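>
Numbering (my numbering), first residue to last: 47 to 178.
#1: Once you ignore the five residues that flank residue 130 on each side, which residues in its own chain have a CB closer than 8 Å to its CB?
#2: Comparing alpha-carbon positions, which option in 87, 88 and 106 lies nearest residue 94?
#3: Return the chain-ordered list of same chain residues with a C-beta closer than 8 Å to the C-beta of residue 119, the five sequence neighbours on each side being excluded.
#4: So for residue 138, helix, strand or coil by DSSP?
#5: Per DSSP, which one or two residues make a beta bridge with residue 89?
#6: Answer with buried or exposed for residue 90, where buried requires no fewer than 16 other C-beta atoms within 10 angstroms of its C-beta.
#7: Closest by CA to residue 125, which one among 92, 116, 76 and 103?
#8: Short of 8 Å in beta carbon distance, which residues of its chain neighbour residue 79, apart from the five on each side in sequence? Order them along the chain.
#9: Taking only three categories from DSSP, how would you classify residue 80?
#10: Enumerate in chain order the residues of its own chain whose CB-to-CB distance from residue 76 is below 6 Å, with the five nearest sequence positions on each side excluded.
#11: Pick helix, strand or coil for residue 173, following the three-state DSSP scheme.
#12: Within 10 Å of its beta-carbon, does residue 97 have 16 or more other beta-carbons around it, so buried, or fewer, so exposed?
#13: Is residue 152 a contact residue of the ligand FAD, with contact defined as CB to any heavy atom under 7 Å?
#14: Would you kindly work out how many angstroms separate the C-alpha atoms of residue 128 and residue 111, rounded to a whole number?
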């Protein structure tokens with residue numbers, strides 16, 4: 047059984063597509079919904095799968111709850127905006143949903159297209175060449 051699991055992990059690793067985006071790192075504030083252990087506000091650090099502005103991303107988060115002196119760890123989906131990320135996730139240690147925002151090293155979208163050239167004013171000039 048262990049051999050099959052190891053073979054499946056090796057196969058999944060071998061066929062995985064390379065990552066084209068750089069990761070983003072964030073530090074922010076998290077608000078928990080419900081939960082009995084550490085409810086309220088926490089300080090969250092996260093690692094995100096993409097650092098491009100205006101993109102959805104997935105991430106891993108670690109949270110410290112100062113009011114209860116407890117820690118949390120979870121997963122989240124987020125949206126990158128200018129210099130930050132907004133996230134909605136789940137804390138597995140505290141067993142509750144969370145919402146948060148944080149500052150992150152987000153880069154703007156690349157503008158590879160050159161600026162459009164302005165149209166010439168007036169009538170276009172027609173050039174006729176003599177075939178001889």
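Each residue gets a CB set at the ideal place from its N, CA and C atoms; glycine is no exception. Here the structure is a predicted model, which is why all the values come from computation and not from measurement.
The structure says:
#1: The answer, listed in chain order, is 72, 74, 147, 148, 149, 150 and 152.
#2: Restricting attention to 87, 88 and 106, the CA atom closest to the CA of residue 94 is found in 106.
#3: Apart from the 5 residues on each side of it in sequence, residue 119 sits with its Cβ closer than 8 Å to the Cβ of 106, 107, 108, 109, 137, 138 and 139 in its chain, given in chain order.
#4: Coil at residue 138, not helix or strand.
#5: For residue 89, which the question treats as bridged, DSSP gives the partners 75 and 110.
#6: Its Cβ being crowded by 16 or more others within 10 Å, residue 90 is buried.
#7: The residue with the shortest Cα to Cα distance from residue 125 is 103.
#8: Same-chain partners within the cutoff: 142, 143, 144 and 145.
#9: Coil.
#10: Counting only residues of its own chain and dropping the five nearest sequence neighbours on each side, residue 76 has a CB closer than 6 Å to the CB of 88, 90, 109, 144 and 146.
#11: Shown here, residue 173 sits in coil according to DSSP, grouped into three states, outside any helix or strand.
#12: The residue is buried, with at least 16 neighbouring Cβ atoms inside 10 Å.
#13: Inclusion of the ligand FAD in the displayed structure is not the case, the ligand content being empty and no account of it being possible.
#14: The alpha-carbon atoms of residue 128 and residue 111 are separated by roughly 26 Å.
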